Amino acid sequence: MNRLLVVAGIDPAHVTVFTDRARYTCAALFMALYYVYATAGCTFFLMIATGGGIFPGVLVGLLVAAAVVVYDRFLLSQVSVDFSDLHEEDARPHGRPRIGSYAIRVVITLLIAVIVTDPLVLKMFDSEITAELGRRHTDRTATLNAVVEQVRSAQLAALDDEIKNDQNQLEAASTAVGKAFTAVTDEREGRGATGLAGNGPVFKLLNDNYAKAVARQNEAAETLATAQSNRSANIERINGDASRQTAENNDSAPPPAGVLDHQDALLAVLRHNLHALLVCVMISLLLIALDLAVLFIKLAGRNSAYEISVAAASRSRLRVMLASSRADEDVDLMEIRLRAEQAKRDLRHHYSASRDRRVTGDNIGQTKRDPRRRHGTTGTKKPRARRARRWPHRYEANSAEEELKGTVYTSENRLSTLSWNV
């Protein structure tokens, strides 16, 4: 049980309540389940996206799942601590929750859901997607065959229009020949425009027009005959081309479907099948809930006994550290004071010895120079100003001692101020 708590990033020493133990053990089991699920999902996604083997996908899937699980451990073991009022034992140990960490986990969940849920749903509805892709291929083939049939009908209509046009031209030429023949006959018999019978210039002109009309009639008749004779061959050719194109369309294999084609087919299946849509939504919500299970457990364990214990322990450790730091500063300050006192005593001893030696030397010299002191007589006491000029080392010692006192006092004030700020 403690190993599962360690896997979840929880310190077993602070888990003293059965509820917390059950909660964080459940979180560890969800982490293990999510690790397997994320590895399989990422592997399958990479296999579909790249078309490669299983080995590179498994390697990347393991790394992605491990990264997300490590972040879940960090999220679960993270405890907000309020470090204000450390000197108060009964202060509230909990601090404000860090919303940024939760938001990052939600973003990771959405990305993983897109990567993992989509291939899983595609695999579940693989038969429906295949049927939809087959139906689309059939519709595409039917559309192509319809286009071929439209082209065939257009070509046959054009062939009929051409023959009909030739017939109209032949009829027009025949009509023109009849009119020209009537005009020639009338002119030759004197019923024409000139009223003269015989073969005059007008007759010759009308006769030439008649000959031309007959030539045009013969040409139109030959064109119509050729079109009618070629009609069967042209119809056979048009029908053969259409049949061959239709057979090619029917025998053509469907193009390889990519990821977008599968996605489009899945959306078409979901639009036309309410049951499939509900199943897809429920699976997506289930996987998202599995992905966010650790975050839900973290939010449910807010202000739990474990988090309060961890926060109180953190505050206690910091309080001990600060007390130890202040004690060390006090010891350092005491050592500085002791060294200053020792230096002051050494300086006093030095100047005292120097003063004694100087006074002794001065007394000996005075005795040698003063006959009254030599014979045991005592003179009058010299004034203070004269003694200050005579023994200036006394005032130098006193001045140095006062200067040292001021230095020590200033250092103590500075160290006291530093300790107070700390």
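Its first residue numbered 1, the sequence shown is counted upward by one per residue in full-length UniProt numbering. For each residue, glycine too, the CB sits at the ideal point set by N, CA and C. Keep in mind the model is a prediction, meaning the values are calculated, not measured.
With the cut-off set at 8 angstroms, would you say residue i and residue j are in Cβ contact?
| i | j | result |
| --- | --- | --- |
| alanine 38 | alanine 65 | yes |
| alanine 113 | isoleucine 283 | no |
| leucine 4 | threonine 25 | yes |
| arginine 115 | histidine 262 | The question names arginine, but residue 115 is isoleucine in the sequence shown. No, the Cβ-Cβ distance between isoleucine 115 and histidine 262 is not below 8 angstroms. |
| arginine 216 | alanine 173 | yes |
| asparagine 234 | asparagine 145 | no |
| valine 68 | isoleucine 108 | yes |
| leucine 156 | isoleucine 238 | yes |
| valine 177 | leucine 206 | no |
| leucine 120 | glycine 41 | yes |
| valine 15 | tyrosine 306 | yes |
| residue 423 | tyrosine 71 | Look at the range of the chain in this structure, 1 to 422, and you will see that residue 423 is not part of it. |
| leucine 290 | tyrosine 102 | no |
| leucine 133 | alanine 257 | yes |
| alanine 293 | phenylalanine 30 | yes |
Expressed to the nearest angstrom, what Euclidean distance is found between the alpha-carbon atoms of residue i and residue j?
| i | j | result |
| --- | --- | --- |
| alanine 225 | alanine 154 | 22 angstroms |
| lysine 298 | leucine 76 | 6 angstroms |
| arginine 140 | leucine 63 | 43 angstroms |
| alanine 276 | leucine 295 | 29 angstroms |
| arginine 152 | serine 229 | 20 angstroms |
| residue 426 | lysine 123 | Past the boundaries of the shown model lies residue 426; the chain is included only from 1 to 422, so the question cannot be answered. |
| alanine 220 | glutamate 171 | 9 angstroms |
| aspartate 356 | aspartate 346 | 15 angstroms |
| alanine 227 | asparagine 218 | 14 angstroms |
| tyrosine 351 | leucine 338 | 20 angstroms |
| valine 79 | valine 310 | 7 angstroms |
| alanine 253 | histidine 137 | 9 angstroms |
| lysine 405 | leucine 333 | Note that lysine 405 scores a pLDDT of 45, beneath 50, so its modelled location is shaky and nothing firm can be said. |
| proline 201 | threonine 175 | 24 angstroms |
| serine 416 | alanine 313 | Low local confidence applies: a pLDDT of 38 at serine 416 is under 50, so the model's placement there is unreliable, with the coordinate-based value given in what follows. Distance between the alpha carbons of serine 416 and alanine 313 is about 30 angstroms. |
| glycine 240 | leucine 285 | 57 angstroms |
| phenylalanine 203 | glutamine 167 | 30 angstroms |
| proline 12 | alanine 32 | 19 angstroms |
| asparagine 273 | aspartate 126 | 14 angstroms |
| arginine 358 | isoleucine 336 | 33 angstroms |
| valine 58 | glutamine 150 | 53 angstroms |
Please tell me whether, using a cut-off of 7 angstroms, the distance from the CB of residue i to the nearest non-hydrogen atom of the ligand GTP is below it.
| i | result |
| --- | --- |
| glutamine 217 | The model on display carries no ligand, and the ligand GTP is accordingly not part of it. |
Secondary structure at residue i, three-state DSSP: helix, strand or coil?
| i | result |
| --- | --- |
| asparagine 273 | coil |
| arginine 98 | coil |
| alanine 154 | helix |
| glutamine 78 | coil |
| valine 17 | coil |
| glycine 53 | coil |
How about residue i: is its C-beta nearer than 8 angstroms to some C-beta of chain D?
| i | result |
| --- | --- |
| glutamine 150 | Absence of chain D from the displayed structure is noted, only one protein chain being present. |
Problem - Three-pair Cβ contact test at 8 angstroms for the stretch 199–215 versus the stretch 229–245 - result: Because the criterion of three Cβ pairs below 8 angstroms is not met, the stretch 199–215 and the stretch 229–245 do not touch.
Exercise for the section: Decide if the stretch 46–53 is in contact with the stretch 274–282; the criterion is three or more beta carbon pairs, one per stretch, under 8 angstroms apart. Expected result: no
Practice task
Taking 8 angstroms as the threshold, find out whether the stretch 152–166 comes into contact with the stretch 261–276 through three or more Cβ pairs.
Solution key: no
Handout entry: beta strand (DSSP E) segments (min. 3 residues) lying fully within the stretch 165–193
Key = Counting only runs of 3 or more, we get nothing.
Exercise for the section: Taking only runs that begin and end inside the stretch 218–294, name each unbroken beta strand (DSSP E) of 3 or more residues, in chain order. Expected result: none
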